[in-house]
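Numbering that gives the first Met the number 0 puts the first residue of the sequence shown at 0, with every later residue one more than the last.
Down below is the structure, laid out as structure tokens.
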Amino acid sequence: MEAHLSLSLPAQIVLLLHGPDGRQHHGVNHQVLTPAAELAELVLYGRAELNRSALGGVKIGLLDSTPVGFEPLERPLSALAGRIEGKGKPLPFHTWLSERRGAFREQRWALRQQGYLEYEPEKLLGFIPRDRYRPHGPLQQELIGELGQLARGERSPDDRLALLVAIVHPAGLPRRLLGFDRSQGRRLKHIAKGQDLEGAVSAAVAATGAAIGAAVAGGAGGGDGGGGDGGGGS
Numbered sequence: 000m001e002a003h004l005s006l007s008l009p010a011q012i013v014l015l016l017h018g019p020d021g022r023q024h025h026g027v028n029h030q031v032l033t034p035a036a037e038l039a040e041l042v043l044y045g046r047a048e049l050n051r052s053a054l055g056g057v058k059i060g061l062l063d064s065t066p067v068g069f070e071p072l073e074r075p076l077s078a079l080a081g082r083i084e085g086k087g088k089p090l091p092f093h094t095w096l097s098e099r100r101g102a103f104r105e106q107r108w109a110l111r112q113q114g115y116l117e118y119e120p121e122k123l124l125g126f127i128p129r130d131r132y133r134p135h136g137p138l139q140q141e142l143i144g145e146l147g148q149l150a151r152g153e154r155s156p157d158d159r160l161a162l163l164v165a166i167v168h169p170a171g172l173p174r175r176l177l178g179f180d181r182s183q184g185r186r187l188k189h190i191a192k193g194q195d196l197e198g199a200v201s202a203a204v205a206a207t208g209a210a211i212g213a214a215v216a217g218g219a220g221g222g223d224g225g226g227g228d229g230g231g232g233s
């Protein structure tokens, strides 16, 4: 099975956010990308929808609160259902980010339990936690390779790849991983905006990708991409 089909979108994001040395990539806000990936996965499961207003705001709607049968998604689905059902209206994207501040650690813990990240405790100056989470096995490089094929036009996107690009491209993550040229960057940019997909993905995914890409672009940078944040737990 291809790498992008063997992991959930949140798991793919967390895996891509770690370099070979086990450190997180600097300047990429995991507290935006990981909750965004959870939403994208819930869209694929038919549990949520994203809508973008004429003014550019993105709101989240709940379609179905039935559990998906996949543990790393049950908490985000429960949180989304609780907030929307309690308010009786769609949830703004920025509110979701506040709700899911712990998403990165939760998804990283799940990846570690699955054996895709190797935890290495480390302390700076003997007392400041600087733990490492090294990607384990070939899956990360396979995933990067699939993104590279897409950027070079060697493959067409599917629903899952299109949503992955919509999340990572506005954050500049593919450039760090692939070092692609301008034409390759334009191709990924068009995919992230839901353009030039030529029927390769569903209309719902194209619309979701455009909405989530715009939302991520508004908050994906910044100083949350440092090293390990302590502890081997969730």
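Don't be surprised by glycine CBs; every beta carbon is placed ideally from N, CA and C.
Residue ranges of each alpha helix (DSSP H) run of no fewer than 4 residues wholly in the segment 130-171, ordered along the chain?
-> Counting only runs of 4 or more, we get 138-150 and 158-167.
Would V67 pass as a contact of L76 if the rule is Cβ separation under 8 Å?
-> Along the sequence shown, one-based indexing puts residue 67 at 68. Along the sequence shown, one-based indexing puts residue 76 at 77. Against a cut-off of 8 Å, the Cβ pair of L76 and V67 comes out as a contact.
How is the alpha helix (DSSP H) around G60 delimited, first residue to last?
-> For this step, residue 60 is matched to residue 61 along the sequence shown. Counting along the chain, G60 falls outside any alpha helix (DSSP H), though it belongs to the beta strand (DSSP E) covering V57 to L61.
Out of curiosity, what's the CA-to-CA distance linking T65 and E40?
-> By 1-based counting over the sequence shown, the position of residue 65 is 66. By 1-based counting over the sequence shown, the position of residue 40 is 41. Using only the alpha carbons, I get a separation of about 14 Å.
Decide if E105 is buried, meaning its Cβ has at least 16 other Cβ atoms within 10 Å, or exposed.
-> If you number the sequence shown from 1, residue 105 lands on position 106. The residue is buried, with at least 16 neighbouring Cβ atoms inside 10 Å.
Reference Y115, options E141, G26 and G208, closest by Cα = Numbered from 1 along the sequence shown, position 116 holds the residue referred to as residue 115. Measuring from the Cα of Y115, the nearest candidate turns out to be E141.
Cβ neighbours of P71 in the same chain (closer than 8 Å, five flanking residues each side left out) = Looking up residue 71 in the sequence shown gives position 72. Short of 8 Å from the beta carbon of P71, and not among the five residues preceding or following it, lie these beta carbons of its own chain, in chain order: S7, P9, A10, E105, Q106 and A109.
Residues in its own chain within less than 6 Å of F92 by CB, not counting five upstream and five downstream?
-> Translated into the one-based positions of the sequence shown, residue 92 becomes position 93. Excluding residues within five positions, the ones whose Cβ falls inside 6 Å are V57 and A214.
Distance, Cα to Cα, Q113 vs Y44?
-> Position 114 of the sequence shown, counting from 1, holds the residue named residue 113. Position 45 of the sequence shown, counting from 1, holds the residue named residue 44. In a straight line, the C-alpha of Q113 is about 21 Å away from that of Y44.
Would you kindly work out how many angstroms separate the C-alpha atoms of A191 and I12, rounded to a whole number?
-> Your numbering for residue 191 matches position 192 in the sequence shown. Your numbering for residue 12 matches position 13 in the sequence shown. Distance between the alpha carbons of A191 and I12 is about 15 Å.
Cβ neighbours of R100 in the same chain (closer than 7 Å, five flanking residues each side left out) | As a first step, residue 100 must be located in the sequence shown, where it is residue number 101. So the list reads Q30, once near-sequence residues are dropped.
Residues bridged to Q23 by DSSP?
-> Residue numbering aside, residue 23 sits at position 24 when the sequence shown is read from its first letter. Paired residue(s): H17.
Residue from P173, L49, D130 and R151 whose Cα sits closest to the Cα of W95 | Position 96 of the sequence shown, counted from the start, is the residue given in the question as residue 95. The residue with the shortest Cα to Cα distance from W95 is L49.
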